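Shown next, in structure tokens, is the structure this report addresses.
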Amino acid sequence: MSDLNHEELAIHVEGLRTQFGPVVVHDDLDLKVRKGEVLGVVGGSGTGKSVLLRTIIGLNKAAAGKITVLGQVAGEGGGEAERALRRRWGVLFQDGALFSSLTVRENIEAPMREHTELSNDLRCSAAELKIALSGLPPDAADKYPSELSGGMRKRAGLARSLALDPDILFLDEPTAGLDPIGAANFDLLILELQRALGLTVVMITHDLDSLHAICERVAVLINKKTQIDTIPNLMKIDHPWIQEYFGGPRGRAAVASAERANAVSVGVNE
Amino acid sequence: MTPGEATIASATDRAESIMSEFRLDANGTGHVIGDWTTVPLGAVERSAQKARKSSPLKALDLSGLTRLDTNGALALLRLAEQAGADGLIPLQNPKPEHARLLEVVIKAHGKDKPLPEGGSAIGRVLARLGETTINQAREALELLSFVGAVTLTILGLLIRPWRMRWKPLISQIEATGLNALPIVGLLNFLIGIVIAYQAANQLSKFGAQLLTVDSVGVGVLRELAVLITAIIIAGRSGSAFTAQIGSMQVNQEIDAMRAIGLNPLEVLCAPRIMALMISLPLLVFYAGVMGILGGAVAAMFALDITMTQFAKQLQVAVSIDHFWVGIVKAPVMAMVIATIGCFQGLKVSSNAESVGRRTTQSVVQGVFFVIAIDAVFSIFFLIIGV
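Chains as they are written, first to last, in the working numbering: chain Y, 701 to 970; chain D, 42 to 427.
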């Protein structure tokens with residue numbers, strides 16, 4: 701891979717292998733995320749979507765392979781470079797993972813305190829800005845996570861992941877557990893922020909509406925590897941799981957089963 | 042800072058160095074140069090604020106800006122807001138992408154609210170004092186009503202023993218009693234040695250070495266065995282009760298119990314309190330034995346009193362009353378330690394810090410009440426003349 705390509709790629713995973721004991725989760729997996737795109741990651745339960753995300757952000761150690769994020773290879777460059785890289789991504793965990801003993805404002809200020817030297821009142825109003833950007837009411841600032849509803853906790857988690865104005869945003873099932881209207885609003889919010897701030901977004905999701913609404917390309921985890929493409933192109937692939945997933949039980953179920961019947965023996969190709 | 046003088050701040054980030062700068066010229070135009078992004082923002086924002094305060098700022102020129110993020114945009118807006126008497130001072134020559142970002146931030150950013158004034162220092166201290174007093178009083182009242190509820194629950198279980206949960210009761214007796222044997226035994230053995238040496242030292246001045254046996258016997262049986270054991274148990278089991286019930290509270294397990302129709306007092310608190318009321322007296326008995334054994338060993342080495350002599354003297358000097366005076370306190374202390382432990386556990390609110398705070402309180406209050414109860418008993422026994 702030439703350096704020119706690295707310039708255009710936010711994340712480049714090559715030949716990744718992760719395993720827990722004898723269980724191999726990913727084997728020789730490749731993933732390229734372009735700068736400024738919204739990439740959805742889908743796959744059945746247990747295919748290692750969250751593991752992939754955790755491996756990219758360094759919470760899991762890969763057994764083999766090379767992960768390059770924003771031009772920096774994971775594990776190279778030492779502690780200070782790793783710390784600098786951590787400033788450039790934000791992560792929204794599934795249930796927000798807010799620090800329960802801090803208020804929402806303090807949660808958002810936490811990464812700013814650690815990584816910047818902003819003056820107190822600038823930091824305070826930056827936290828309020830993030831609260832407003834994530835669509836929370838201003839009075840949420842001084843509440844504790846336990847006083848918020850599930851949807852508000854997700855928004856607060858999003859606000860915290862935006863605290864340092866990251867280049868890359870990792871979202872782990874951002875709309876899971878939200879009502880359909882709340883989920884749709886959350887999708888719009890992410891899209892709006894992504895456009896305004898020029899973010900690269902990597903989003904694990906099971907929400908087909910989210911995928912159609914905001915993802916430019918989708919990475920499907922199958923057989924310990926990924927297939928990345930736009931949804932219409934993915935639907936041309938003759939893999940039963942992909943067909944069933946995007947075809948869905950409703951609407952396209954008949955089409956999907958007919959296609960499956962026509963081409964059972966054709967292998968997966970791009 | 043005079044107009045025209047450059048104000049420069051820069052910070053390094055990543056591999057390449059980032060330059061960010063604010064320069065105020067003689068016309069009152071502030072030139073915003075370089076990267077105004079979160080990481081180098083702290084230093085350059087401070088110097089820009091300093092420049093603004095020292096000479097008037099009439100406009101901001103954004104033509105030299107290379108990179109901007111929301112925090113940088115916010116800093117610029119605040120600068121423009123604070124410099125303008127009413128409304129923003131003009132932001133000149135922004136690049137299109139910066140203009141778009143500024144739009145987003147302007148939309149989301151409310152007016153800067155002045156920080157709430159906290160009032161005078163004395164007022165704050167008084168307010169804090171009042172709040173603490175009220176909270177303490179309220180909590181004392183709640184504890185009292187909890188004691189009542191628990192007592193009723195336990196009485197109810199005694200009347201209907203088939204409702205009793207035997208498995209948790211037995212396992213709690215194991216956890217609070219059996220598993221505490223090594224530490225309780227060791228500490229009381231050491232205390233016995235300490236008392237014996239001190240007594241031998243003082244009493245030998247009067248040639249009354251043999252009275253060492255009396256002081257060890259009476260001291261250990263009446264006071265030390267029960268006091269030391271109760272304090273260890275308050276630290277060991279009281280804290281465990283609070284942490285167990287507290288983390289269940291955080292997990293909403295207690296809510297789930299209530300929803301299913303299980304009474305947490307009956308399921309969680311009663312077995313723990315009853316278990317401790319059974320195991321603490323047993324522990325105190327064992328502690329008394331170990332304490333006297335420690336005294337006997339010390340007497341053997343320090344005063345050449347043989348074990349047989351020690352036992353004979355003990356029988357003569359120490360009446361059985363002293364043993365009863367000690368052991369009768371144990372169930373009372375056990376009840377108080379366990380009740381406080383359970384109460385604090387149920388008071389945990391749903392965050393991680395509160396588990397720690399409540400556990401600390403449980404131990405502190407437990408130890409306090411152990412000593413206070415001991416004092417009350419001493420006065421009581423003095424009055425009835427035991």
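For every residue, glycine included, the Cβ atom is placed at its ideal position computed from N, Cα and C.
Just so you know, these numbers come straight off a predicted model, no measurement behind them.
| Query | Result |
| --- | --- |
| Backbone secondary structure at D:V73 - three-state DSSP | strand |
| Spatial distance of D:V408 from D:L268 (CA atoms) | 9 Å |
| Contacts that D:V85 makes with chain Y (C-beta to C-beta distance below 8 Å) | In chain order: nothing, as chain Y lies at least about 10 Å away. |
| D:Q110 versus Y:S849 - alpha carbon distance | The sequence shown places Asp at residue 110 of chain D, rather than the Gln named in the question. Near 29 Å, if we compare the C-alpha coordinates of Y:S849 and D:D110. |
| Chain Y within 7 Å of D:S391, Cβ atoms only | yes |
| Own chain residues within Cβ distance below 8 Å of D:W77, not counting five before or after | S61, V85, L106, R108, L109, D110, G113, A114, A116, L117 |
| Neighbour list for D:E394 in chain Y, Cβ cutoff strictly below 8 Å | S800, S801 |
| Closer than 7 Å to chain D by CB, Y:D795 | no |
| Y:T755 - partner residues in DSSP beta bridges | Y:T755 pairs with nothing; no bridge assigned. |
| Assigned secondary structure, Y:E817 (DSSP; H/G/I helix, E/B strand, else coil) | coil |
| Range of the contiguous beta strand (DSSP E) that encloses Y:E714 | 709 to 720 |
| Extent of the continuous beta strand (DSSP E) to which Y:W789 belongs | 789 to 792 |
| Cβ separation of Y:V804 and Y:A863, assumed to be a contact under 8 Å, to the nearest whole Å | At roughly 11 Å, the Cβ-Cβ gap does not stay under 8 Å, so Y:V804 and Y:A863 are not in contact. |
| Selected residue, minimal CA-CA separation from D:D345, among D:L387, D:V254, D:I319 | D:V254 |
| Straight-line Cα distance separating Y:L891 from Y:G951 | Residue confidence for Y:G951 is low, a pLDDT of 34 falling below 50, so the modelled location carries little weight and cannot support an answer. |
| Simplified DSSP assignment, three categories, for Y:E916 | coil |
| For D:A84, the first and last residue of its enclosing alpha helix (DSSP H) | 79 to 95 |
| Sequence-distant residues of the same chain with beta carbon closer than 8 Å to Y:E828, five excluded per side | R805, P838, A841 |
| Given Y:N933 as reference, the closest of Y:F946, Y:K924, Y:I922, Y:G898 once Cα atoms are compared | Y:F946 |
| Reference D:V146; option with closest CA among Y:L798, Y:D865, Y:T755, Y:G857 | Y:D865 |
| Proximity of D:A266 and D:N220 at Cβ, strictly below 7 Å | no |
| DSSP state of D:R64 mapped onto helix, strand, coil | strand |
| Contact set for Y:R734: own chain, Cβ-Cβ below 7 Å, skip 5 residues either direction | E708, L709, A710 |
| Supposed close pair Y:L869, Y:V901 - CB separation, criterion 8 Å | 5 Å |
| Span of the alpha helix (DSSP H) around D:K353 | 348 to 358 |
| Beta-carbon proximity of D:V73 to D:L98, cut-off 7 Å | no |
| For Y:F870, the residue or residues it bridges with in DSSP | Y:V791, Y:V902 |
| Cβ of D:A116 within 7 Å of any chain Y Cβ | yes |
| Limits of the unbroken beta strand (DSSP E) element including D:R108 | 106 to 109 |
| Minimum length 4: unbroken alpha helix (DSSP H) runs contained in the stretch 173 to 261 of chain D | 207 to 217, 222 to 244, 252 to 259 |
| Alpha-carbon to alpha-carbon, D:S419 and D:A337 | 26 Å |
| Per-residue DSSP class, three states only, for D:L118 | helix |
| Spatial neighbours of D:Q285 in its chain, beta-carbon cut-off 7 Å, leaving aside the 5 residues before and after | G386 |
| Touch test, the stretch 240 to 255 of chain D against the stretch 283 to 300 of chain D, Cβ-Cβ under 8 Å, three pairs minimum | no |
| Inter-residue CB distance, D:Q133 and D:L101 (contact presumed, cutoff 8 Å) | 7 Å |
| Interface flag, Y:L829 vs chain D, CB-CB below 7 Å | yes |
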